[in-house]
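Visitor: Sequence order for the protein chains is A and B. Residues in the first sequence are numbered consecutively from 1, following the numbering used here. Residues in the second sequence are numbered consecutively from 795, following the numbering used here. No residue lacks a Cβ here, since even glycine has one placed at the ideal position from N, Cα and C. Next up is a structure, given as structure tokens.
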Amino acid sequence: MSQHSVIGERIPKLDAREKATGRCKYAGDMRMEGMLYGKIVRCWEYAHAEVVKIDFSEARKVPGVVKCLGPKDVTKKNYNTTIMKLLVPAAFSDVFGEIADLNIFNGRVKHQGDSVCGIIARTEKAAERAAEKVKIEYKPLPVIMTAEESKKKGAIQFTPLKPGNLAANFPEAFFPNGEYGWNSPEGKTVHQKFKDADLVVEDTFYVPRQKQVQMENHSYVAEYDDRGRLTCWTSTQMPKLVQNLISELFELPLTRVRVIQSPIGGAFGCRLGMIGEPHVCAMAMAVPGVPVKIEYLREEDWVASESRASGHFHVKAGFKKDGTPVACYGDYQVLKGGYYTHGSGPPFCTAAFMHGMYKWQAMGCKADIWFNNMAPFGAYRGYGNPENTFGVEQLIDRACNQLKIDPIEWRKKWAKGIGDETWLKGVTYASTGLDDCIKQAKQKIGWDKKKKDYAKQTGVKRRGLGIGIMQHTSGAWPMLLEHSNVIMRMNEDATVEIMASVSDLGTGAHTAITQIAAEALGFPLEDVHIKCCDSDVNGFDIGAHASRTIYCVGRAVMQTADILKKELLDRAARLLQIKPEDLAFEADKEIVCTWDSSKRINIRTIADQSIYSFDDPATGKTIGIPGQIVAHYSDFVKHCSPPFAAACAEVEVDIETGEVKVLAFSNAHDIGKAIHPPSVEGQLEGGAHQGLGYVLSEDIYYDKNGLCLNSDFTDYKMFGASDMPPESHVTLVESAPDPVAPYGAKSCGESALMGPIGSVANAIYDAIGIQMTEAPITPERVLAAIKKNGGVKK
Amino acid sequence: MKKKSITLYINGEEHNVVVDVSDTLNHVIRNQLNRTDLKHCCGRGECGACTVLVDDDRYPTGRKAINSCMVLAAMMDGKRIQTVAGLEKNGKLHPVQEAFIEKGAIQCGFCSTGMIMKSVDILENNPKAKEAEIRQGLEGNICRCTGYTKIVQAVQQAGEVMAAKK
């Protein structure tokens, strides 16, 4: 139908030019007349303390200070940063045990960096100086860092709402025995099923508290105007949901809350919910009619926003002699941090992604999530899947080693496929490109030859190869509500305004969605414009997470385009007096009769006449069909098309220094259809950077008093430009387009983190014969492991 | 707070400003001169997002890339400074900017302006810089989105254009 084939094209991103010139204005770049500056005063000295007294007297003397705000000066309503309760039925939320345990200014500090009070001043400098001069008297409380300390009888309780400091687990009401999983076909539990295994391997894995480290510091602007409307500019990932949360927190109807999504300088999950929005809005309401800006300092990011879940994840896997997977069990002891936020969300997904990967006959996972005095974990790209991958992928290689089975062949045989259940029960795979992914990843790294070359090694440098495979999700259904709204409005010149709440985190979503809209309508790219980022204009949407934007919003765009096109056909049919089924769209916006091409009308005519409706002076009859063409679709996606991926890594371990170098890395992703190939590649390349960091270098370190040791770029170790593997391959596998996905496109936003984790861990195992059960696999840990084992085991 | 009257030449434009002696160049350019093409990130010289080019005839190209958050504005009196906005000439972007756009080297964009300035510096010194040299040159610029792959490809492409022009 369409002659304007724009999907799959390597066009420049729509926002690339303004970002290359610096003209893109992030929230921190916003300047408004009379703007004031807000500073959140945080507790830096203690990870756990009662706030006894706040004395603003010295702070007030600083020139330029406008207001000092303590807990009494803002709403005392409790809140939770997340949107989880909005996206599950109320009954579920209650059963899962979500609590609202945060205040804008907290009377008890539960982690270093917790917010205590605030300053509003005429300049940033004045706000900073005044913040330093606030005298806060604290009563230190015992610091709890580990799960053991948290669950101990008599330990200080974080909140009366969660006795024993158990912030969350998988509730019995939904999960018998508090476990997510299923029994074997013959009715045996996972624990019984282990008895049927010839080989059981198990270990406890430590997974790190990785930080998103988006480059844009959290920055916000808010204004409470003369109409009593509260506007908040924020680079949140979910503007509509944050609008809801602000509305609830400040008890304003939605018509009086406007969220404008400013350009997002990276997110990776750390903007999934509210962070500084409550504070900036409270400050704006304290100075009505004047905009207030808050810009976090970089060092606030590590301690005052959420990170990945960390803790000790015990995994046990049972196999038959021939490799048949029999049972898999996980017991996760997770460190929540000081506040509930995402509760059991990520650990639940760890269990779910374990469920979705291999054909275990029985499976079970339980999780205990303990409060402690760290910044809370929240959402981070992969949402529990990295934690799953680090343990399971290594246990599989351990078993394959003992059973003398090739780890790649094992995965090909026992990974799930079409018709098998995905990460969530009751949802099955409709497509899989995993075999192609494995083939491509393996071939591009030169697996076979290198394996032979490294079969026997001596010397200080040992090389190894490893594979890691994964599946993730496309969209949040059925775990969460899936709902996107798209409105398409045809302008008088037959161009189309697409109103949809599409969050582009740097991912290229605005570009790809625009491509989908143009393709679906059959119009050139310049004839569609996407209007997003404004809650006044956009209908409901659950935001950018769960790798859903292309898969779900793209689909909603296509549905809406179909409605618009149907209206055009109906109008053409009436005007030409031909049945709609005898009409077809052709090039240059022509609608043509299929059996007589002289009978035709141009969409431009229909659009013009829809607006400029005049009566023919000669006949008195209305010319054309009046009424602006507006199509709307409210899409509740009820399917999921998980993408697969396979990654291979080649490492070199220096057995004297413990250093691990990644020499080569190859990732093949089951994308189905790449709508905007450079953006898909970008997600895979960037995801590799974060995955490599997870497995080799990144963690947030605290001292025994709960004070962060590495809250800066120097000491939080991420891979730099020279650290990335010198040989790197990214393959987009399009051989298995998904039948229900938009143009076959599955997701890619989160997936690329997992491949490096499994493949690098397994490559290290291949190189030195020892499995590293704590991530990140630092040189210190490698040396300690070699020493403990009395040398390398190969 | 002690103040000083200084003159800064930003992208060829003269600015006479009175600054606090403790103000960084980054702060003055962004907040006093209201030029937000220059970004602010760590404020401690760790991330490179605030990279600018400063004329300095001690260097082979006549200028040097610096983190604008790490110098005091008061010490830059009389200096000629280029921010990313100065790369564009009569609506035509610099080859580095064009390559970043074409190669898909920009995702969230927050590191991009600093990355572009540093890349300009690398290529002005050696438009035929090899991949390893480019990567080494960019070690002081942190990107969390791209994994550096397309950034390096863009710099290589821009280098070819610049070498051809020479």
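#1: Quick one: list the residues of chain A neighbouring VAL878/B, beta-carbon separation under 7 Å, in chain order.
#2: Count the other CB atoms within 10 Å of the CB of ALA91/A; is the residue buried (16 or more) or exposed (fewer)?
#3: With DSSP collapsed to three states, give me the class of ARG10/A.
#4: Just the Cα atoms here: how many angstroms apart are GLN901/B and GLY323/A?
#5: Would you list, in chain order, the members of the segment 833-846 of chain B that have their beta-carbon closer than 9 Å to a beta-carbon of chain A?
#6: In whole angstroms, what separates the C-alpha of MET849/A from that of ALA761/A?
#7: Return no unless some Cβ of chain A is closer than 8 Å to the Cβ of ILE819/B.
#8: Could you name the residues of the segment 927-945 of chain B whose beta carbon sits closer than 9 Å to any beta carbon of chain A, in the order they occur along the chain?
#9: Output yes if chain B places a C-beta closer than 8 Å to the C-beta of LYS293/A; else output no.
#10: Along chain A, in chain order, which residues have C-beta atoms closer than 9 Å to that of LEU866/B?
#11: Give me the Cα-Cα distance between ALA476/A and GLY686/A, rounded to the nearest whole angstrom.
#12: Give me, in chain order, the residues of the same chain whose beta-carbon lies closer than 7 Å to that of ASN919/B; leave out the 5 immediate sequence neighbours on both sides.
#13: Examine chain A for any beta-carbon lying closer than 8 Å to the beta-carbon of GLN951/B, and answer yes or no.
#14: Hey, out of GLY343/A, ALA197/A and CYS270/A, whose CA is closest to VAL326/A's CA?
#15: Return no unless some Cβ of chain B is closer than 8 Å to the Cβ of MET1/A.
#16: With distances taken from CA atoms, which of GLY931/B, VAL878/B and LYS873/B is nearest CYS844/B?
#17: For the alpha helix (DSSP H) containing GLN192/A, name the first residue and the last one.
#18: Between the beta-carbon of PHE585/A and the beta-carbon of LYS240/A, is there less than 8 Å?
#19: May I have the straight-line CA-CA distance separating PRO779/A from VAL242/A, to the nearest angstrom?
#20: Skipping 5 residues on each side, what residues in its chain have a beta carbon closer than 6 Å to that of SER862/B?
#21: Are PHE174/A and VAL95/A closer than 8 Å when you measure CB to CB?
#22: Return the CA-CA distance between SER799/B and VAL813/B, expressed in angstroms with no decimal places.
#23: Take ALA430/A as the anchor and find which of ALA736/A, GLU50/A, GLY38/A and ASN789/A has the nearest alpha-carbon.
#24: When we look at the beta-carbon of GLY107/A and count the other beta-carbons within 10 Å, is it buried (16 or more) or exposed?
#25: So GLN737/B is in the alpha helix (DSSP H); what residue range does that whole segment cover?
#26: Taking the alpha helix (DSSP H) that VAL651/A belongs to, which residues open and close that run?
#27: Assuming SER906/B and ALA20/A make a contact with CB atoms under 8 Å, what is their CB distance in whole Å?
#28: Under three-state DSSP, which class holds MET1/A?
#29: Mark TYR612/A as exposed unless 16 or more other C-beta atoms lie within 10 angstroms of its C-beta, in which case mark it buried.
#30: Using beta carbons (cut-off 8 Å, strictly below), is VAL811/B in contact with chain A?
#31: Report yes or no: do the segment 97-105 of chain A and the segment 77-84 of chain A share at least 3 C-beta pairs separated by less than 8 Å?
#32: Apply the 10 Å Cβ neighbour rule to GLY154/A and answer buried if 16 or more other Cβ atoms are within range, or exposed otherwise.
#33: Are the CB atoms of MET488/A and LEU575/A within a distance shorter than 8 Å?
#34: When the distance is taken between beta carbons, is ILE936/B closer than 8 Å to VAL949/B?
#35: Counting contacts by CB-CB distance shorter than 8 Å, is SER547/A in contact with chain B?
#36: So which residues of chain C does SER862/B contact, with C-beta pairs closer than 8 Å?
Guide: So, from the listed chains and residues:
#1: In the second sequence, counting from the first residue as 1, residue 878/B sits at position 84. Result: THR21 and GLY22.
#2: Position 91 of the first sequence holds residue 91/A. So ALA91/A ends up on the exposed side.
#3: Translated into positions along the first sequence, residue 10/A becomes position 10. Coil at ARG10/A, not helix or strand.
#4: Stepping through the second sequence from its first residue, residue 901/B is reached at position 107. Stepping through the first sequence from its first residue, residue 323/A is reached at position 323. One alpha carbon belongs to GLN901/B, the other to GLY323/A, and they sit about 43 Å apart.
#5: LYS833, HIS834, CYS835, CYS836, GLY837, ARG838, GLU840, CYS841 and ALA843
#6: No answer is possible for residue 849/A: the residues shown for chain A start at 1 and end at 794.
#7: For this step, residue 819/B is matched to residue 25 along the second sequence. Correcting the residue type first, residue 819/B is Leu in the shown sequence and not Ile. Taking 8 Å as the threshold, the shortest C-beta distance from LEU819/B to chain A does not fall below it.
#8: ILE928, ARG929, GLN930, GLY931, LEU932, GLU933, GLY934, ASN935, ILE936, CYS937, ARG938, CYS939, THR940, GLY941, TYR942, THR943, LYS944 and ILE945
#9: Residue numbering aside, residue 293/A sits at position 293 when the first sequence is read from its first letter. At a cut-off of 8 Å between C-beta atoms, LYS293/A does not count as an interface residue with respect to chain B.
#10: Along the second sequence, read from residue 1 onward, the residue named residue 866/B stands at position 72. Within chain A, no residue comes near LEU866/B; the closest Cβ sits about 14 Å away, beyond 9 Å.
#11: In the first sequence, the residue the question calls residue 476/A occupies position 476. In the first sequence, the residue the question calls residue 686/A occupies position 686. Going from the Cα of ALA476/A to the Cα of GLY686/A covers about 22 Å.
#12: Your numbering for residue 919/B matches position 125 in the second sequence. If we look at ASN919/B and ignore the five residues flanking it on each side, its Cβ neighbours are PRO854 and THR855.
#13: For the purposes of this step, residue 951/B is identified with residue 157 of the second sequence, where counting begins at 1. Chain A, which has no Cβ nearer than 8 Å to the Cβ of GLN951/B, makes this no.
#14: Taking the first sequence and counting its residues from 1, the one referred to as residue 326/A is at position 326. Considering only alpha carbons, the answer is ALA197/A.
#15: Within the first sequence, numbered from 1, the residue matching residue 1/A stands at position 1. Note that MET1/A has pLDDT 40, beneath the 50 cutoff, so the model's placement of it is unreliable and the number below is only indicative. Closer than 8 Å: no.
#16: For the purposes of this step, residue 844/B is taken as residue 50 along the second sequence, with counting starting at 1. Checked all of GLY931/B, VAL878/B and LYS873/B; the closest Cα to CYS844/B is VAL878/B.
#17: As a working note, residue 192/A is residue 192 in the first sequence. Per DSSP, GLN192/A belongs to the alpha helix (DSSP H) from 190-193.
#18: Your numbering for residue 585/A matches position 585 in the first sequence. Your numbering for residue 240/A matches position 240 in the first sequence. No. Outside cutoff.
#19: Here residue 779/A is taken as the residue at index 779 of the first sequence, counted from 1. Here residue 242/A is taken as the residue at index 242 of the first sequence, counted from 1. Distance between the alpha carbons of PRO779/A and VAL242/A is about 42 Å.
#20: Working through the second sequence from its first residue, we reach residue 862/B at position 68. So the list reads LEU819, ASN820, CYS844 and VAL846, once near-sequence residues are dropped.
#21: Within the first sequence, the letter at position 174 stands for residue 174/A. Within the first sequence, the letter at position 95 stands for residue 95/A. Yes.
#22: By 1-based counting over the second sequence, the position of residue 799/B is 5. By 1-based counting over the second sequence, the position of residue 813/B is 19. Computed Cα separation, rounded: 6 Å.
#23: Start at 1 with the first residue of the first sequence, and residue 430/A comes out as number 430. Taking only the C-alpha atoms, the option nearest ALA430/A is ALA736/A.
#24: In the first sequence, counting from the first residue as 1, residue 107/A sits at position 107. It is exposed - the Cβ of GLY107/A has fewer than 16 other Cβ atoms within 10 Å.
#25: This structure cannot settle anything about residue 737/B, because the visible part of chain B is limited to 795 through 960.
#26: What you label residue 651/A is simply residue 651 of the first sequence in a count that begins at 1. Taken as a continuous stretch (DSSP letters only), VAL651/A belongs to no alpha helix (DSSP H), being part of the beta strand (DSSP E) at 644-654.
#27: Residue 906/B sits at position 112 when you count from the first residue of the second sequence. Residue 20/A sits at position 20 when you count from the first residue of the first sequence. About 6 Å separates the two Cβ atoms, so the contact holds.
#28: Taking the first sequence and counting its residues from 1, the one referred to as residue 1/A is at position 1. Caution applies to MET1/A, whose pLDDT of 40 falls short of 50 and renders its modelled position unreliable; the value that the coordinates give is listed next. Here MET1/A sits in coil by DSSP.
#29: As a position in the first sequence, residue 612/A is number 612, starting the count at 1. The residue in question, TYR612/A, is exposed, as its Cβ has fewer than 16 Cβ neighbours within 10 Å.
#30: Locating residue 811/B in the second sequence gives position 17, where the first residue counts as 1. Chain A, which has no Cβ nearer than 8 Å to the Cβ of VAL811/B, makes this no.
#31: yes
#32: Counting from 1 along the first sequence, the entry for residue 154/A is found at position 154. The residue is exposed, with fewer than 16 neighbouring Cβ atoms inside 10 Å.
#33: Mapped onto the first sequence, residue 575/A falls at position 575. Mapped onto the first sequence, residue 488/A falls at position 488. Cβ distance not < 8 Å, so LEU575/A and MET488/A don't count as in contact.
#34: Looking up residue 949/B in the second sequence gives position 155. Looking up residue 936/B in the second sequence gives position 142. Contact: no.
#35: Indexing the first sequence from 1 puts residue 547/A at position 547. It does not; no Cβ of chain B falls within 8 Å.
#36: Of the protein chains in this structure, namely A and B, none is chain C.
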